[in-house]
Amino acid sequence: MSKRIGWRTILWVGGVYLLIIGVMTLPNPLRLTRELIGDSVDNWIFYWNNWWLGKAIQEGLPWFETSYLFYPTKTSLVAHSNSFLSSLLALPLEWLAGPIAAYNMVFLSGLWIGAMGMFLLLYEMTHRISAALLAGFVFAFAPYHLTQLLAHAHLGSIHWWPFFALFLSRLTRTRRLVDALAAGVFASLTVWSGFQLGLLLAVWTGLYVLLRLLRTIWSDDESPVSPLQLMALIGLTAGVALLLSAPIIVPVAKARSSLANAAASFSESTIKQTDLLAYLLPPRRHPLVGSYVVDLYARFVANKVASPYLGYTVVGLALLSVVTRQKGAGFWFLATVFSMVLAAGSMLRVNGVLYPHVRLPYSAIDSVFPISSIRAPDRYNLLVVFSLAVSCGLGGAYLAEKRRWLLVPLGLLICLEFLPI
């Protein structure tokens, strides 16, 4: 198989994902102009955001201040749930199809972009189309990702992350400046999609760079990139990201003291952490088993709606990637566990019961700004989705080589586990 993927393959893979997204989100694609996709009152915030940004651009108003909330006094929108890129993408679509359809098309396109990005990342890692297809599906339809996207565009728009990881991994192998620039662009797109998403990606990047540096320093193998070269390239990537994200970051930096105080006052690290039992329970909306887990979900605090269910088949494939020592499997599985530890917050919670005597690592960073502005540690499950999808794909790559026929029933089983209807 050729290592370079062709445009024909990309086109048919894109068509497959379009079909899957259309089926998995039924009946919403048939109602694009009539109702917003979502399952929370919060998504009206982002519908309002689309209107406000269009008005601000048309009338030359400041983006981070409005008198249309808390009238007649003006209020700052620096700490508001902004997803400027989602709103900017919706504006031209409004002229063509109206505001409701525009909102919905941005929602659906995010699923498609994320699936394609994860496909490209896994294909470059494994050169296995079937495994890459599987990883893209897991990334797009992981229950936690979907439940966040249904309510919070500024948290659910993680679809640029795989592209960032793709170019960052190329950068550490090739030292090409174009890869550093591309990684910086996709990091910036993440910040424009949601400031908190940028922070989460920075946490993941910190882990990636740290382990890469340790491997470069301690490994006996000759690395194509020295530690100093690696830091210089990462610095270039960060510089590009910061420059392109300046319109978002500068207002936040100016309001740093007030935001830090607000984050400290509204810390939810001991309230909205992940209940470990929630990782094992299918979502309440699952058409087959959802009714059987309703009572268990009632005991949760942060996970009543946002289900972090991992999927037994997905976890099995992730473990397979480690056991069979697939290239890169160790890092991605470690990143999954690392993110789960952070998502567990400052104190352990299981089956609704808080164990305050069990202090967790997050307690050391929950008050550090800007990390504190993420507020709810449960949101680190977005990083769990990201890393676990790659781990699952690496396990699928092993089967694609050894037992390809197993990927079909396992893929169908994952579809069944993740049914969002």
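If you want the numbering used here, it's the position in the sequence shown, counting the first as 1, plus 14.
We put the CB at the ideal spot given by N, CA and C, even for glycine.
All values reported here derive from a predicted model rather than from experimental measurement.
Quick one, are the C-beta atoms of residue i and residue j less than 8 Å apart?
i	j	result
Gly410	Leu421	yes
Phe383	Arg298	no
Ser202	Leu258	yes
Ala332	Phe153	no
Leu397	Leu136	no
Ala357	Asn317	no
Ile95	His168	It is worth fixing the name first, because residue 95 is Ser in this sequence and not Ile. Going by C-beta atoms, Ser95 is nearer than 8 Å to His168.
Ser386	Asp392	no
Asp31	Met130	A small fix is needed here, since residue 31 is Tyr in this sequence, not Asp. It is a contact, given that the beta carbons lie within the stated cut-off.
Leu164	Thr251	no
In whole angstroms, give me the CA-to-CA distance for residue i and residue j.
i	j	result
Thr47	Trp206	26 Å
Leu40	His371	45 Å
Tyr412	Ser335	7 Å
Thr161	Pro76	31 Å
Val364	Gly344	27 Å
Ala378	Met361	11 Å
Trp109	Trp62	16 Å
Val223	Ala216	10 Å
Phe314	Gly366	5 Å
Glu73	Leu348	49 Å
Ile428	Trp58	31 Å
Pro322	Phe432	11 Å
Gly253	Met132	25 Å
Going by DSSP in three states, residue i sits in which element: helix, strand or coil?
i	result
Leu433	coil
Val307	coil
Glu79	strand
Val264	helix
His371	strand
Leu424	helix
Val120	helix
Arg363	strand
Gly131	helix
His300	coil
Leu185	helix
Can you check DSSP and say which residues form a bridge with residue i?
i	result
Leu250	The partner list for Leu250 (beta bridge, DSSP) is empty, contrary to what the question assumes.
Ser90	Glu79
Relative to the alpha-carbon of residue i, which residue among the options has its alpha-carbon at the smallest distance?
i	options	result
Asn118	Asn64, Leu426, Arg226, Val307	Asn64
Asp451	Arg229, Arg418, Ala320	There is no way to answer for residue 451, as the model of the chain reaches only from 15 to 435.
Thr80	Gly68, Val37, Leu91	Leu91
Pro265	Ala93, Asp56, Leu50	Ala93
Trp346	Phe400, Val303, Gly150	Phe400
Tyr376	Ala149, Val355, Thr87, Arg189	Val355
Gln340	Phe84, His141, Ile127	His141
Leu294	Thr327, Thr87, Arg45, Leu273	Thr327
Gly425	Glu49, Gly29, Leu221, Gly150	Gly150
Gly249	Asp56, Leu182, Ile51	Leu182
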